[in-house]
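Quick note on numbering: the sequence shown equals residues 2 to 134 in my numbering. Read the structure below first, then the notes.
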Amino acid sequence: MRSNSEDRATNPIKIAYLLIHEPSQKTIATNVFEARTVWERGVGLIGMRALSENDGLRLTKTSSIHTLGMNFSIDLLFLDRSGKCLGYKYALPPNRIALAPKGACEAVELAKGGLRRIESLQIGDRFLWRRRG
Numbered sequence: 002m003r004s005n006s007e008d009r010a011t012n013p014i015k016i017a018y019l020l021i022h023e024p025s026q027k028t029i030a031t032n033v034f035e036a037r038t039v040w041e042r043g044v045g046l047i048g049m050r051a052l053s054e055n056d057g058l059r060l061t062k063t064s065s066i067h068t069l070g071m072n073f074s075i076d077l078l079f080l081d082r083s084g085k086c087l088g089y090k091y092a093l094p095p096n097r098i099a100l101a102p103k104g105a106c107e108a109v110e111l112a113k114g115g116l117r118r119i120e121s122l123q124i125g126d127r128f129l130w131r132r133r134g
């Protein structure tokens with residue numbers, strides 16, 4: 002198995018973002034990479050040992066995600082085009098499929114426990130993206 006640092010060194014996913022929960026102004030993750038191609042979205046986090054608490058993967062143009070072949074649970078967030086939360090799951094275990102709610106255009110896979118940083122997460126909360134320099 003590869004380490005997380007090896008994953009980042011060989012991973013073609015290059016664009017990193019901060020993910021901010023607008024109502025609380027809390028930064029949920031500081032190192033979210035965007036999967037931009039069909040290949041990157043399909044492979045996703047497969048082969049990684051785990052996500053560090055500030056890591057995540059942004060999957061655009063998706064109607065579902067899977068944790069098939071993964072070795073760890075993730076928190077999952079489904080957003081619409083404006084960044085509004087349409088659905089979320091805490092600690093989605095390996096080898097599961099999660100369908101996006103109607104209107105979702107992206108999914109965000111976060112380290113297990115990442116969404117628990119928001120004390121009162123609700124459907125309809127807005128999330129902001131800030132591109133890392």
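Heads up, the beta-carbon is just placed ideally off N, CA and C, and yes, glycines get one too.
Cβ-based burial, residue i [other Cβ within 10 Å; buried from 16]
i: Gly125; result: exposed
i: Arg59; result: buried
i: Ala92; result: exposed
i: Thr61; result: exposed
i: Gly70; result: exposed
i: Gly57; result: buried
i: Ser65; result: exposed
i: Thr68; result: buried
DSSP three-state assignment for residue i, whether helix, strand or coil
i: Gly115; result: helix
i: Cys86; result: strand
i: Phe34; result: strand
i: Thr28; result: strand
i: Glu120; result: coil
i: Leu52; result: coil
i: Asp76; result: strand
Whole-angstrom distance between residue j and residue i, CA atom to CA atom
i: Phe34; j: Pro102; result: 22 Å
i: Ile98; j: Glu110; result: 13 Å
i: Lys27; j: Ser121; result: 12 Å
i: Thr31; j: Glu54; result: 9 Å
i: Arg132; j: Pro94; result: 29 Å
i: Ile75; j: Gly114; result: 8 Å
i: Met49; j: Ala36; result: 15 Å
i: Phe73; j: Leu52; result: 8 Å
i: Ala17; j: Gly88; result: 23 Å
i: Ile119; j: Lys90; result: 13 Å
Where the beta strand (DSSP E) containing residue i begins and where it ends
i: Arg57; result: According to the sequence shown, residue 57 is Gly rather than Arg. Unbroken beta strand (DSSP E) run through Gly57: Asp56 to Thr61.
i: Arg133; result: Per DSSP, Arg133 belongs to no beta strand (DSSP E) and is neither H nor E.
i: Ser65; result: Ser65 to His67
Within-8 Å CB hit, residue i to chain B
i: Gly57; result: Of the protein chains in this structure there is only one, and it is not chain B.
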